[in-house]
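Everything below concerns the one structure shown next.
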Amino acid sequence: MTSLTTESIRRAWVLLGVALVLLWGVPQSVYAAPASQTITGYVQNADLRRTAQATVELRDKEGTLVTSATTTDAGAFILITPREGVFSIHAVQDTYKSEHVVIEITQKTPDPVVLTLTETKDVALEIVAPLTPIKPNSSGETYSVSRKDIEALPRGNNVDLHDVLATIPSAISGSLKQVHIRQEHANLQFRIDGVPIPETVTSQFTDLLSPRAWERADILLGGLEAQYGVRTTAVIDITSKSGTKPGFGSIGVYGGSNETVLPSFEYGGTAGDKFRYYVMNNYKTTNRAIDPPTLGQSIYHGDGESNQTFLRGDYQIDNRNNLTLLLLNSVADSEIPTEPGQMQNQHVVDLIRANTDANFTPSPSEQIDENQVENNQYSHLVWRHDMSANQFVSVAGYFRHSRATFTTDPYNVLAYTGGEDSHGHAGAISAANQDRWAYAGGIRLDYTHALNSQHMIKAGFQFDGTTTRNKNQLFAFLRGETDELDGHDDHDDHDMHDDHDD
């Protein structure tokens, strides 16, 4: 009985070992991979003979190795892709290499790939560039941020512009999405594809330039060139994404704390041989649009939503002429956070009841309803022309509209205002609605002439025209000489026009 049991156990172990060997010899991915993600083919020499023991590599668009395989005696290979997308395949054996074949993996089963090996030789090339590496910003510093740098941040492409700027030395971010660089929060100049963006009347202008649409950005600090004018703090020069062939795109939803939800999509591609395009849209909703005055995660009246749209089109007229059209739109609607537990000014409450609403009862301070809506639109059209191998000119026309509308909750705000000034006298008690908007447009020309390897001439001009308007509706009770309070509404409509050229 013991012998029989021992023999049975031994046979069971043998069978288990054989099964493990068989399973070990066959990759699991072969069983699980769908046909649409399986790439087959063979490698051959220039004389069409199949090549064995050649290494076949599969790389993504960034050049990162995804997987590899070795050809069989018949020169055949099988590659399993982990996902859909665009990849390149090439084969290597000693000093022989094949061409790179670009293949797009979709729901369809890809066609077999044939790779032909040819002998490679080292070739020395001397490259003569039409522009010399002259560095006029030697007195300052330049920090470069690439698309990969943005994707490597904790929130990836879902970050705001002020979060990206906060990663450079000497920069910190404020509660209102302001960025303080070297202890300054003003004198920043934003450029997109070489065109400076006019000033704005909104506080959340950075939302117009979502980092999702960046290809790269150069942040210039310190001593700047004369072309940047009086913007002495920093210049943020952004290069936006454009379409490629084959196209690329993504759809995603990001979410997290503070009830934050951010769906987004982007796509870039081509239409024909001359037109490239890129489109992007972000939508965000959260209950912490503006940092509140309360500590911790307690938020009262802090909901907000925003939407950003980015469109770019490039048309290659010929080898010397190119047109670029850019359209940007941003809308943000934010509630103004409140602070609970505030004491009412009973004297003001009595005045409101006596002069306006006899049944007025102030809401709790955390329910004060103030809001701000911000709108930004920007567009430019750029013509770039190569006059010769060493002369270049670009002409850009641009237009900008921005508007900020602040709506107060007048009676409830007045009910919680008051106090004394530095002399012990009660100060002005007021609340106000405010509506500000601005229109800006202009034209810019840049000319570059590389005389030789040691000298370069750059010239240009820029003309700007700006119209701004500020409307205020004031609700106030002012304490007079007789220590009595008067109530009145004040409506101020102010127009300001500012035209200048540089």
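Quick note: the numbering used here has the sequence shown finishing at residue 563, numbered continuously throughout. We put the CB at the ideal spot given by N, CA and C, even for glycine.
Helix, strand or coil for residue i per DSSP?
i	result
H441	strand
N218	helix
E392	In the sequence on display, residue 392 carries Val and not Glu. Here V392 sits in strand by DSSP.
P471	helix
S325	strand
R273	helix
V225	helix
A137	strand
E118	strand
G548	Bear in mind that a pLDDT of 44 at G548, under 50, signals an unreliable position, so the number given afterwards is only what the model happens to contain. Looking at G548 - three-state DSSP - the assignment turns out to be strand.
Q288	helix
Q452	strand
Q403	coil
S426	helix
G419	Note on residue identity: the sequence assigns Ala, not Gly, to residue 419. Coil, per DSSP.
Q168	coil
N113	One point to set straight first is that residue 113 is Ala, not Asn, in the sequence displayed. It is coil, neither helix nor strand.
Q250	strand
Q98	helix
S483	Here the model assigns S483 a pLDDT of 47, short of 50, so the residue's position is not dependable, and the following value carries that caveat. Correct three-state label for S483: coil.
E180	strand
If contacts are defined as beta-carbon pairs under 8 Å, then residue i and residue j qualify, I think. What distance do you get, rounded to the angstrom?
i	j	result
Y344	P324	6 Å
T261	N437	7 Å
Q523	R505	4 Å
N342	Q369	7 Å
T528	N494	In fact, because the Cβ distance is near 21 Å, the residues do not count as touching under 8 Å.
Q403	Y289	Between Y289 and Q403 the Cβ distance is about 45 Å, and since that is not below 8 Å, they are no contact.
A152	A115	5 Å
G201	G283	3 Å
A274	K238	Rounded, the Cβ-Cβ distance is 18 Å, inconsistent with contact.
V117	F148	Between F148 and V117 the Cβ distance is about 12 Å, and since that is not below 8 Å, they are no contact.
T203	E245	Incorrect: roughly 18 Å between the Cβ atoms, too far for contact.
Run through the DSSP bridge pairs and tell me what residue i is partnered with.
i	result
E160	Bridge partners of E160: none, in fact.
G313	S325
M517	A511
L186	Note: L186 sits in no beta bridge, so no partner.
I351	DSSP, once it has assigned bridges, lists no residue as partnering I351.
V175	Y103
T142	In DSSP, T142 forms no bridge with anything.
E320	Per DSSP, none; premise fails for E320.
T305	DSSP lists no partner for T305.
P257	R252
Y204	I280
E435	A393 and A465
Y477	None; Y477 has no bridge partner.
Could you compute how far the alpha carbon of residue i sits from the alpha carbon of residue j?
i	j	result
W444	P257	15 Å
H510	S449	9 Å
Q105	L140	17 Å
E276	E212	11 Å
K182	Y157	9 Å
K306	D352	42 Å
N382	V454	10 Å
D563	I490	Summary for D563: the model assigns pLDDT 38, below 50, so the residue's position carries little reliability; its value from the coordinates is reported in the next sentence. Cα to Cα, D563 sits roughly 43 Å from I490.
I280	I233	14 Å
N380	P171	34 Å
G217	D134	45 Å
V163	S440	35 Å
L412	Q428	21 Å
D298	S367	24 Å
L226	E286	21 Å
T142	D394	44 Å
A332	G374	10 Å
G235	L356	15 Å
V291	Q452	28 Å
Taking the beta strand (DSSP E) that residue i falls in, what are its first and last residues?
i	result
H510	I490 to A511
V340	F336 to T347
I413	Element bounds for I413: not the beta strand (DSSP E) but the alpha helix (DSSP H), Q407 to N416.
N368	G365 to D379
Y361	Premise fails: Y361 is in no beta strand (DSSP E) and is neither H nor E.
H246	That residue, H246, is in no beta strand (DSSP E); it is neither H nor E in DSSP.
A152	G146 to Q154
L126	L126 to T131
D298	A295 to S301
I233	A232 to S234
Hey, could you find the ends of the alpha helix (DSSP H) residue i is sitting in?
i	result
R208	R208 to E212
Are the C-beta atoms of residue i and some chain C residue less than 7 Å apart?
i	result
P143	Judged by its chain identifiers, the structure shown contains no chain C, having just a single protein chain.
Is any non-hydrogen atom of the ligand GTP found closer than 6 Å to the C-beta of residue i, if you look at the structure I gave you?
i	result
A213	The ligand GTP is not part of this structure, which contains no ligands at all.
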